[in-house]
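Novice: In our numbering, the protein residues as written are 70 to 166. There's a structure below that I have some questions on.
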């Protein structure tokens, strides 16, 4: 998606009350809930998943992640617990900020 919006370039969503583009702003997908249509499925051997009902373009907003933030120590403890208890299907996401 090509844009000259500084917020988009910095991976921040514009706030509807302060964006100078007003109603023409194209950087409020989360606020406006403009997600690709998806459905939740249960897969054999992998558990629950989310699939898109259409192609998703590179850089397009998909959905929000709702989970918990844990530190590295807790992450290591959970991975160790999973290994000791033969839990093979889990997901850890790292963030930079």
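All residues carry an ideal CB built from backbone N, CA and C; glycine is no exception. All values reported here derive from a predicted model rather than from experimental measurement.
Would you tell me roughly how many angstroms separate the C-alpha atoms of residue 132 and residue 119, rounded to the nearest one?
Specialist: Their Cα atoms are separated by approximately 10 Å.
Novice: Among 122, 98, 147, whose alpha-carbon lies nearest the alpha-carbon of residue 80?
Specialist: It is 98.
Novice: Which residue spans inside the segment 98 to 149 form an unbroken beta strand (DSSP E) run of at least 3?
Specialist: Runs of the beta strand (DSSP E) inside the segment 98 to 149: 107 to 112, 116 to 121.
Novice: Cα-Cα, which of 121, 139, 75 is closest to residue 165?
Specialist: Ranking the options by Cα distance to residue 165, first place goes to 139.
Novice: Looking at residue 106: is its Cβ nearer than 8 Å to the Cβ of residue 122?
Specialist: The answer is yes: Cβ separation under 8 Å.
Novice: Residue 85 and residue 63 - do their beta-carbons sit closer together than 8 Å?
Specialist: Only positions 70 to 166 of the chain appear in this structure, which leaves residue 63 out of reach.
Novice: Compare the C-alpha of residue 114 against each of 156, 149, 87 and name the closest.
Specialist: It is 156.
Novice: DSSP three-state label for residue 78, please.
Specialist: Helix, per DSSP.
Novice: Taking residue 162 as the reference, give the member of 136, 150, 130 with the closest Cα.
Specialist: For residue 162, the nearest C-alpha among the options comes from 136.
Novice: Could you check if residue 96 is buried or exposed, using at least 16 other CB atoms within 10 Å of its CB as the buried criterion?
Specialist: It counts as buried.
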